[in-house]
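Written below as structure tokens is the structure these notes are about.
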Amino acid sequence: MTFSRKATATFTLLALVTAVTVELVRATGPMFDRAFTAGIVVVALTALGTYVAPGLVAVLLVRGRPVTGRTVVQGVALLAVARAAVQVLDGVARYWVTLAAAALAIGVLVVVLVRSVRVLGAATAALAVTTGGALATGVSLVLGTWDAIWRSGASGWVPTALTLVAAMACAWAVRSDDAADTTGARPARVWVLGPYLGVALMVVLNPAYLASQLGLSLTVAASALAAGVVLAAALTLWSLPRQSALLPAVLRAVVLVAAAALVLFPITAEGEDAGTLLAVGLGVVMALLVAVSTTSLATAWDAPAKDRGPRSAGVTLAGTASAVGLGVILPLLVYQVDYDVPLGLPNAFVILTAVVVVALGGLRRSAQPRAADAAAPRAETRAAWLPAVPALAVTAALVLAGAAVNRVQVEETVRVAGGQPDAPLTLLDWNLHYGVTQEPGLDLGRMADVITASGAQVVALQEVSRGWIMGGGADMATYLARTTGMRVVAAPAADRQFVNVLLVSPSVGEPQHVVRTRLPYGDGPQQRSAITATVRNAAGTPFVVTSAHLQHREENTPTRLQQLDVLMSADVASSPAVVIAGDLNSEPGWPEIAYVEAAGYVSGQDSAGDPAQRTFPAHAPEVRIDWVFGRGVTFSDVQVLPDGGSDHRPILATVHPVVD
Amino acid sequence: MWVTAPLDELLHLALRGEGLPPFVTSAELVGSLLRAEVDVRDLPGLMGAARLAARAVGTVHLDVALAGYRDGVAHLAVEAHARSVPAHRLAALFTGPLDAAVARTLTDRGLPPGLTTVGESGGVLTVAVRVQDALDAAPLPPFLRGAVVDDLTLADSQVAVALTLPA
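Heads up: the protein sequence lines correspond to chains R and S, in order.
Here my numbering is used: the first residue of the first sequence is 3, the next is one more, and so on.
Here my numbering is used: the first residue of the second sequence is 62, the next is one more, and so on.
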């Protein structure tokens with residue numbers, strides 16, 4: 003095989019294995035959510051066990067021998083089987099296989115990376131990792147951010163099959179290409195891959211996170227990521243023939259941390275859209291994040307590790323794989339744990355710390371001979387960049403296609419002149435549990451179908467994810483708006499990625515006078531919020547609708563009362579026809595419900611439905627904690643709908659304004 | 062005697078008609094919660110790094126709940142959000158400077174020193190306000206001097222004060 007073909011296969015393989023790994027790590031989010039039902043300690047132990055296990059994978063794969071093409075073939079074949087199995091299975095089997103597949107993926111990725119740096123050089127290998135992460139993002143975007151792994155039809159299996167078959171073909175192509183005298187060479191600081199992937203998954207290559215965090219559309223965020231991948235490639239291209247980076251390492255580290263800080267601590271107010279000029283500036287920041295984090299990887303790996311015997315090298319590789327796994331999960335885990343056991347500081351600092359670790363990992367520029375030099379003398383020439391072209395081109399095309407797919411286009415408002423002033427409004431209230439289902443899995447399609455089939459004109463949603471890894475990284479707000487044809491407004495709750503939403507059908511006009519209310523934190527542990535908007539029936543009669551989610555712990559009654567006090571005292575609550583719908587985490591007979599009723603609100607389910615119907619947990623409801631309250635309105639035909647995939651059941655209500 | 066008043070009227074009285082300090086851009090009572098916005102860039106006396114940090118922070122959104130009133134002291138629990146960050150969680154790091162800044166602002170307005178104490182308890186920013194001392198130091202008409210504040214509540218977007226007038 004010529005160098006070019008061998009290098010092309012190596013580059014593409016590393017990108018594909020990275021893409022599969024990124025998708026599988028995202029898939030562990032909904033699995034850990036299931037573990038959450040057993041408590042925070044069980045989640046933490048499960049997560050740590052899963053992400054230490056890549057070390058065991060590396061030991062079993064390498065078995066004390068140097069990493070060769072054959073090792074890579076075995077690893078990729080196992081990974082392909084495991085990845086396909088996750089998509090086939092459901093129930094408890096899917097839970098365990100997903101965790102095992104994520105551990106396997108990280109172990110195989112480390113093994114493939116070690117060989118790839120030897121063949122391609124550090125900079126090109128770093129570019130391949132970034133390309134792979136962006137490839138996973140591109141595929142996800144094309145699928146509306148609802149990953150293939152959760153789908154059973156052609157939309158799920160075609161991208162899966164293409165990815166796995168391509169990975170196997172590339173692995174097969176490199177199976178016998180290693181020079182015997184260099185197979186023991188290993189780059190240093192491979193562990194930097196861990197925090198890099200953690201930060202990439204959560205922020206840098208997560209368009210849903212970037213869009214919700216910075217007040218941008220998913221289309222703009224995805225376009226900026228495509229630019230970032232191109233910029234990363236350009237910086238790599240520039241550095242290859244010169245054997246030096248464009249900017250000094252210290253300056254790159256500063257740029258990386260500063261860009262991350264701008265994203266993690268955004269200047270846009272919550273719910274505020276960034277203007278055009280600001281969006282351009284933020285696009286540059288996002289692109290810089292992608293590019294500069296790639297160069298940090300390149301510098302980190304651009305030196306050989308200390309030479310060890312094969313057995314010792316195997317142990318070291320196992321340790322490295324476990325370190326990578328922990329580097330991936332610790333930022334995500336600690337960030338998320340904050341919502342159950344509050345940290346002593348804002349959890350955004352956890353992610354910033356991981357960025358600092360990546361930046362520090364990229365600071366060293368070793369004076370020792372480069373690991374790649376001996377094995378691949380031509381890898382440092384401009385021609386060595388050419389193998390990146392196919393994977394880069396496909397990735398950029400997918401990300402841009404994904405940007406186009408996720409444009410939300412809502413039809414113009416349709417109004418029938420001469421409607422009755424007392425014409426009713428159909429409202430659906432539903433806590434979506436960030437899209438995670440009982441299977442466990444993520445089923446945005448089923449949830450969108452329930453909303454569409456309900457015929458609701460306004461949908462009050464809680465726990466809507468916009469890039470949360472616990473919710474598989476999906477942008478539910480954009481997905482649901484696009485698939486239901488409704489307009490969406492959202493209010494951040496725990497963070498800007500965990501939001502309460504109102505979906506509004508064009509038949510009741512634009513959502514007007516949108517108010518986002520941050521509810522008092524009280525005893526915690528999560529920040530809660532409400533979103534309010536005014537919609538109108540065909541005759542123009544206004545309804546002020548609020549989607550609210552109150553603090554969840556049973557003993558939180560004082561906090562919930564304080565939160566209700568704020569909701570009831572807000573200006574919008576003084577409007578003639580007011581509806582407050584949501585997960586109030588309060589059961590019939592509790593002081594919270596008495597408080598709301600004392601303020602003049604009537605429960606829709608109690609006045610026009612079956613009060614005995616419960617809403618949570620959806621598969622076998624035990625309690626009733628979801629409510630539709632109204633004041634200045636009456637209700638008819640209030641139903642608790644069947645299990646729709648979330649852990650709560652939806653409530654559908656017909657709301658009539660009281661017209662004098 | 063209970064005296065009930067909207068926040069803006071009470072602030073007008075307490076601040077002797079001078080209005081809110083320029084760095085407090087808004088303050089309203091929503092139910093039992095005081096919501097205020099503070100532009101920390103306008104805080105007086107910020108120099109060097111503190112000024113740079115204030116520029117980065119911008120506007121801070123405050124939610125102030127009355128945790129209780131005992132022995133003439135109102136105990137407030139404060140949530141602060143800046144740029145989406147729950148800034149009150151960093152309170153333990155900044156209670157000293159915050160305490161000094163609040164005290165300086167009050168004394169600049171002619172109020173006696175030591176009326177407030179900024180602290181932190183279990184990750185919550187707390188402020189103790191010596192309401193009785195503030196009243197004792199106020200230039201009250203003779204028939205009100207010696208009035209005792211027995212209780213203080215925030216409810217229905219109003220401030221209610223229970224007063225015992227001097228005999």
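Yeah, the Cβ is synthetic: ideal placement off N, Cα and C, and Gly gets one too.
Give me the chain S residues within the contact set of M570 (chain R), using Cβ-Cβ distance strictly less than 7 angstroms, ordered along the chain.
Near M570 (chain R) (Cβ distances below 7 angstroms), the residues of chain S are G92.
Within the same chain, show all residues whose beta-carbon is closer than 6 angstroms to that of T14 (chain R), passing over the 5 residues directly before and after it, in chain order.
C172 and A393.
Give a yes or no on whether the minimum CB-CB distance between A175 (chain R) and chain S is below 9 angstroms.
No, because no Cβ of chain S sits closer than 9 angstroms to the Cβ of A175 (chain R).
Local conformation of A378 (chain R) per DSSP, three classes:
Only weak support is given to the placement of A378 (chain R): the predicted model assigns it a pLDDT of 46, under 50, and the question is left unresolved by the model.
Looking at the secondary structure, which residues open and close the alpha helix (DSSP H) in which P161 (chain R) lies?
A156 to A175 is the span of the alpha helix (DSSP H), which, as asked, contains P161 (chain R).
Using DSSP's beta-bridge definition, name the partner residues of Y130 (chain S).
Paired residue(s): S:A135.
Starting from the C-beta of P344 (chain R), find all residues in its chain whose C-beta is less than 8 angstroms away, skip the five residues before and the five after it, and write them out in chain order.
Non-local beta-carbon contacts of P344 (chain R) in its own chain, meaning distances under 8 angstroms to residues more than five positions away in sequence, involve G526 and P527 in chain order.
Just grab the DSSP bridge partners of G632 (chain R) for me.
Residue pairing by DSSP places G632 (chain R) opposite R:V581 and R:V604 in a beta bridge.
State whether the stretch 271–280 of chain R contacts the stretch 216–231 of chain R, with contact taken as three or more CB pairs (one from each stretch) at a distance under 8 angstroms.
Taking 8 angstroms as the limit for Cβ pairs, the verdict is that the stretch 216–231 of chain R does touch the stretch 271–280 of chain R.
Note the first and the last residue of the continuous alpha helix (DSSP H) segment covering L280 (chain R).
Residues T278 to A302.
State the DSSP-derived secondary structure class of A271 (chain R), mapped to helix, strand or coil.
Coil at A271 (chain R), not helix or strand.
D169 (chain S), enclosing alpha helix (DSSP H) - first and last residue
Note, D169 (chain S): alpha helix (DSSP H), A152 to D169.
Spell out a yes or no on whether the stretch 142–162 of chain R and the stretch 418–433 of chain R are touching, meaning 3 or more CB-CB pairs, one atom from each, closer than 8 angstroms.
Verdict: no, contact absent.
Span of the beta strand (DSSP E) holding T147 (chain R)?
Boundaries for T147 (chain R): no beta strand (DSSP E) harbours it, and the DSSP string shows neither H nor E there.
I'd like the list of long-range same chain contacts for T428 (chain R), defined as Cβ closer than 8 angstroms, with 5 residues on each side in sequence excluded.
These residues qualify, in order along the chain: S456, G457, A458, Q459, V460, L654, A655, T656 and V657.
Indicate whether the contact test is met: 3 or more Cβ pairs, each with one atom in the stretch 15–29 of chain R and one in the stretch 81–100 of chain R, closer than 8 angstroms.
Under the Cβ criterion (8 angstroms, minimum of three pairs), the stretch 15–29 of chain R counts as touching the stretch 81–100 of chain R.
Please report whether the beta-carbon of R468 (chain R) lies at a distance below 9 angstroms from any beta-carbon of chain S.
Taking Cβ atoms only, chain S never reaches closer than 9 angstroms to R468 (chain R), which makes this a no.
Out of R:V598, R:G475 and R:T536, which has the shortest C-alpha to C-alpha gap to L563 (chain R)?
Considering only alpha carbons, the answer is R:V598.
Touching or not, the stretch 129–146 of chain R and the stretch 222–242 of chain R, by the rule of three or more beta carbon pairs under 8 angstroms?
A contact exists between the stretch 129–146 of chain R and the stretch 222–242 of chain R.
Can you list, in chain order, the residues of its chain with a C-beta nearer than 7 angstroms to that of L290 (chain R)? Leave out the 5 residues immediately preceding and following it.
Closer than 7 angstroms at the Cβ level, and outside the excluded window around L290 (chain R), lie V257 and A261.
N208 (chain R) versus R:L299, R:T132 and R:L63, residue with shortest Cα-Cα distance:
N208 (chain R) has its Cα closest to that of R:T132, out of R:L299, R:T132 and R:L63.
Provide the residue(s) that pair with H621 (chain R) in DSSP beta bridges, ordered along the chain.
BP columns for H621 (chain R) are empty, so no partner.
Which residue spans inside the stretch 402–487 of chain R form an unbroken beta strand (DSSP E) run of at least 3?
Within the stretch 402–487 of chain R, the runs of beta strand (DSSP E) at least 3 residues long that lie entirely inside it are, in chain order, 427–433 and 460–467.
In the DSSP assignment, the beta strand (DSSP E) including W63 (chain S) goes from what residue to what residue?
Where W63 (chain S) is concerned, the enclosing beta strand (DSSP E) starts and stops at W63 to P67.
Contact set for A37 (chain R): own chain, Cβ-Cβ below 7 angstroms, skip 5 residues either direction:
Taken in chain order, the residues that qualify are V44, V45 and T48.
I'd like to confirm something about V101 (chain S): is its beta-carbon nearer than 8 angstroms to some heavy atom of the ligand MN, or not?
Although the ligand MN was asked about, the structure shown includes no ligands whatsoever.
Let me check understanding here. Comparing Cα to Cα, which of R:Y603, R:A610 and R:P644 lies closest to R623 (chain R)?
Per the sequence presented here, residue 623 (chain R) reads as Pro, with Arg not at that position. That would be R:P644, whose Cα lies nearest to the Cα of P623 (chain R).
Element boundaries [alpha helix (DSSP H), containing T355 (chain R)]
Bounds of the alpha helix (DSSP H) holding T355 (chain R) are A350 to G363.
Straight-line CA distance for A189 (chain S) to A66 (chain S)?
In this structure, the CA atom of A189 (chain S) is about 21 angstroms from the CA atom of A66 (chain S).
Please state whether the Cβ-Cβ distance between V506 (chain R) and V491 (chain R) is less than 9 angstroms.
Their beta carbons are under 9 angstroms apart, which means V506 (chain R) touches V491 (chain R) by this criterion.
Mind checking the stretch 158–183 of chain S against chain R and listing, in chain order, the residues whose C-beta falls within less than 9 angstroms of any C-beta there?
Under the 9 angstroms Cβ criterion, the stretch 158–183 of chain S contributes no residue.
Assigned secondary structure, L212 (chain R) (DSSP; H/G/I helix, E/B strand, else coil):
In this structure, L212 (chain R) counts as helix in the three-state DSSP scheme.
With 8 angstroms as the C-beta to C-beta threshold (strictly closer), list the residues of the stretch 133–150 of chain S near chain R in chain order.
Here the close residues are E140, H142, R144, S145, V146, P147, A148 and R150.
Tell me, please, which residues DSSP counts as bridged to T536 (chain R).
BP columns for T536 (chain R) point to R:Q514 and R:V546.
Rounded C-beta distance between P389 (chain R) and A127 (chain R)? I'm assuming under 8 angstroms.
Not quite, the Cβ-Cβ distance comes to about 11 angstroms (not below 8 angstroms), so this is no contact.
Is it a yes or a no for the stretch 495–504 of chain R touching the stretch 466–486 of chain R, going by three-plus beta-carbon pairs under 8 angstroms?
They touch, by the three-pair rule.
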